[in-house]
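Asker: Pasting in a structure now, in structure tokens, and then I'll have a few things to ask.
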Amino acid sequence: MSLLVVGSVALDSVETPFGKRDDVLGGSATYFSAAASLLTKVSVVGVVGDDFPVHDLDFLQKRGVSLDGLEKVAGRTFRWKGKYGFDLN
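Using the working numbering, read the sequence shown as starting at 206 and increasing by one per residue.
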């Protein structure tokens, strides 16, 4: 069995009362592909911008995830930001 994963491959920024991290690897297709790669062969389909870090692609490739369906386009990669308080809301 193998899986074809279609979804977002993104850069996330998260802020909590304990610290802030910017432009970390994120996106639903990323997380699902990384987890599923522990059990089966995975191919991901998505789009990233030309600013997407190579080391983040390496993270997936080292886990055996095929990036043949990942398209790199001119411009910025999709980004998501979240800010959480002490109650995690």
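Where is the CB? At the ideal position from N, CA and C, for every residue including glycine.
State the Cα-Cα distance for the pair G249 and M206, rounded to the nearest angstrom.
Answerer: For this step, residue 249 is matched to residue 44 along the sequence shown. For this step, residue 206 is matched to residue 1 along the sequence shown. The amino acid occupying residue 249 in the given sequence is Val; Gly does not appear at that position. Approximately 15 Å between the Cα atoms of the pair.
Asker: Measure the C-alpha to C-alpha separation of K246 and N294 and round it to an integer number of angstroms.
Answerer: Numbered from 1 along the sequence shown, position 41 holds the residue referred to as residue 246. Numbered from 1 along the sequence shown, position 89 holds the residue referred to as residue 294. If I take the Cα positions, the gap works out to 36 Å.
Asker: For R268 and G280, I'd like the C-alpha separation in whole angstroms.
Answerer: Looking up residue 268 in the sequence shown gives position 63. Looking up residue 280 in the sequence shown gives position 75. C-alpha separation (whole angstroms): 27 Å.
Asker: Looking at C-alpha atoms only, which residue of A234, S218, S233 and T235 is the closest neighbour of D227?
Answerer: Counted from its first residue, the sequence shown places residue 227 at position 22. The shortest C-alpha separation from D227 is found at S218.
Asker: Helix, strand or coil for T282 per DSSP?
Answerer: Counting from 1 along the sequence shown, the entry for residue 282 is found at position 77. It is coil, neither helix nor strand.
Asker: Taking the alpha helix (DSSP H) that D261 falls in, what are its first and last residues?
Answerer: Indexing the sequence shown from 1 puts residue 261 at position 56. First-last of the alpha helix (DSSP H) with D261: V259 to K267.
Asker: Please classify S233: does DSSP put it in a helix, a strand, or coil?
Answerer: For the purposes of this step, residue 233 is taken as the residue at position 28 of the sequence shown. Here S233 sits in helix by DSSP.
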